[in-house]
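For reference, the structure discussed in these notes is given below.
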Amino acid sequence: MSRQVDRGLTLVALVFLLGCATVPSVVPLALIDARAALAAAKNTKADVLVFEDFQEARRLLKQAEDAFASEQKIGRVENMAFAARSRAEIAEARARTRLAEEAYKTEQQNLIDQRNLLMALDHKARELKEAKQKMKRAEAGRVATEAKAAAEARKTETDKRLRRELEIILLEAGKIKNAQAKIESQNLVITLSGKVLFTSGSPQFHRSASRVLNQVAGLLKDNPDYHARIEGYTDGTGDHLLNNLLSQARAESVTNYLTQQKISLDRLKAVGLGPGNPVATNDTAAGRNLNHRVEIILEKKTETTTEP
590 MSRQVDRGLT LVALVFLLGC ATVPSVVPLA LIDARAALAA AKNTKADVLV
640 FEDFQEARRL LKQAEDAFAS EQKIGRVENM AFAARSRAEI AEARARTRLA
690 EEAYKTEQQN LIDQRNLLMA LDHKARELKE AKQKMKRAEA GRVATEAKAA
740 AEARKTETDK RLRRELEIIL LEAGKIKNAQ AKIESQNLVI TLSGKVLFTS
790 GSPQFHRSAS RVLNQVAGLL KDNPDYHARI EGYTDGTGDH LLNNLLSQAR
840 AESVTNYLTQ QKISLDRLKA VGLGPGNPVA TNDTAAGRNL NHRVEIILEK
890 KTETTTEP
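Shown next as structure tokens:
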């Protein structure tokens, strides 16, 4: 009878041990890992980014949880938990890939936006530069136009003042005996007949020439701001070279006389032009007499302005 009791106790103990092996009281590590993997997947927004993968992992975890709760064999629970963990890790990996792709796209778009912004700023800078250059050109043009207008106004005023001076000098020159005076451009031209001044074919003066030349000297003394260009001319008859030499000699004779009258040589210039620039025909005696002449051209000295 004692043997039967021992066998019964042994059988009870065996059943107890077998029961403990089938339904452990401690949660399997595989199930804990599956739960952690699903939580990690959710932290990476797998429930949004890869919804189907996440839902499959949660379904597999629930099956493992249900199997554990219903006290199924530990091996089955672990297998189901492993499947849930694998699916959760796949969901997490795919979610991370999606996040990386979105981050890459965002970065690319940021780069594109920055490049577009830089291009827009560069375009704006060029527009501003061009606008400034245009304004500078316009301002320079305006200043140049105003300066030109002012210069023209000054020149006009100067010309008017010079004209008034020449008109006054012309009145004085009109008093010179046997002389003709006129205004040409900005000069006063006094024409003296060669027949009145010189003996025929010679640079020697007639005795009466001094009276005329003294009046010319007086005119130059009264107008010290003017230079005198003394041009000698002949008619077109005779040797051309001799005519040139004669006209030069006569111009120099007038110049020398004027210097003797205290007119500075710096104000005088003698030029012989021979038969050049005729004022009348050389075919008649009257025309030759007109061409046979000395012209004294009064020109105001050029004013030089010294910049401060």
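Start counting the sequence shown at 590; every next residue gets the next number (the working numbering). Here a beta-carbon is modelled for each residue, glycine too, at the ideal position from N, C-alpha and C. Values in this document were obtained by computation on a predicted structure and should not be read as measured data.
Asked: Contact under 9 angstroms by Cβ, A646 with I679; Found: yes
Asked: Environment of E691 [buried if 16+ CB atoms lie within 10 Å]; Found: exposed
Asked: Other residues of its chain near L755: CB distance less than 6 angstroms, five sequence neighbours each side excluded; Found: I772, L777
Asked: Per-residue DSSP class, three states only, for P613; Found: Legend: pLDDT at P613 = 46, less than 50; position of this residue unreliable, value from coordinates given subsequently. Here P613 sits in coil by DSSP.
Asked: Whole-angstrom distance between G730 and A874, CA atom to CA atom; Found: 59 angstroms
Asked: Bridge partner(s) assigned by DSSP for R818; Found: K858, I886
Asked: Three or more C-beta pairs below 8 angstroms linking the region 669 to 687 and the region 617 to 632; Found: yes
Asked: Buried or exposed by the 16-neighbour rule on C-beta atoms within 10 Å, applied to N845; Found: exposed
Asked: Segment contact flag, the region 790 to 802 with the region 740 to 758, C-beta cutoff 8 angstroms, min 3 pairs; Found: no
Asked: Whether G821 touches V843 by CB criterion (9 angstroms); Found: yes
Asked: Nearest neighbour of L688, chosen from Q703, D655, V637, E841 [CA to CA]; Found: V637
Asked: Reference I885, options S799, A817, Q849, closest by Cα; Found: A817
Asked: 9 angstroms Cβ cutoff met for F640 and A630; Found: no
Asked: Beta-bridge pairing of F794 - partner residues as DSSP gives them; Found: F787
Asked: K771 in three-state terms, based on DSSP; Found: strand
Asked: Residue from E746, S774, T891 whose Cα sits closest to the Cα of Y815; Found: T891
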